[in-house]
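Structure first, commentary second.
Below, the structure written as structure tokens:
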């Protein structure tokens, strides 16, 4: 069981730089839930501009299951977000705002450590492999 929070000034997810990351994490009965999820995606072509993402996500870890995310997008740079959609083979430009819901089948290998206290880290690593069709998105 896990109940805590995540904060990071900068992370790289699937090759995309995200900043000002925060979320409330919960793990209970095989489910990992991210609530109050917030982060920014910097536009590599215009580093002074960034788009904001907020929402929630949940994933069944035991047994391994789907990742479902419900997100609100505010001026998210499409060229950067495209890198997160590995099955999408088109060039994108501009920005997107709106609501999105995505569901992806995920295979995950997780190492569980038990610790208590406050942890601060400059980097972290987790092994994960995902393979699915293009997730359905509604806006």
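In the working numbering, the protein residues as written are 361 to 499. Note that the Cβ used here is the ideal one computed from N, Cα and C, for glycine as well. From a predicted model like this one, the values you see are computed outputs, not experimental measurements.
CA nearest to the CA of residue i, picked from the options
i, options, result
"residue 439", "454, 425 and 377", "454"
"residue 416", "396, 403 and 363", "396"
"residue 432", "461, 424, 371 and 404", "461"
"residue 398", "452, 414 and 361", "414"
"residue 409", "393, 430 and 436", "436"
"residue 365", "394, 388 and 424", "394"
"residue 430", "449, 372, 407 and 459", "459"
"residue 384", "373, 369, 363 and 374", "363"
For residue i, the three-state DSSP class (helix, strand or coil)
i, result
"residue 487", "With a pLDDT of only 26 at residue 487, under the threshold of 50, the placement of this residue in the model should not be trusted; the figure read from the coordinates follows. Of the three classes helix, strand and coil, the one that applies to residue 487 here is coil, per DSSP."
"residue 361", "coil"
"residue 438", "helix"
"residue 432", "strand"
"residue 388", "strand"
Own chain residues within Cβ distance below 6 Å of residue i, not counting five before or after
i, result
"residue 426", "463 and 465"
"residue 500", "Here the chain has residues from 361 to 499 only, and residue 500 is not among them."
"residue 428", "418 and 463"
"residue 449", "none"
Own chain, CB closer than 8 Å to residue i, minus 5 neighbours either side, in chain order
i, result
"residue 391", "418, 419, 420 and 421"
"residue 451", "439 and 442"
"residue 361", "387 and 388"
Other residues of its chain near residue i: CB distance less than 7 Å, five sequence neighbours each side excluded
i, result
"residue 434", "411, 412 and 457"
"residue 371", "378 and 381"
Taking contact to mean at least 3 C-beta pairs separated by less than 8 Å, is the segment 394 to 410 in contact with the segment 373 to 381?
-> yes
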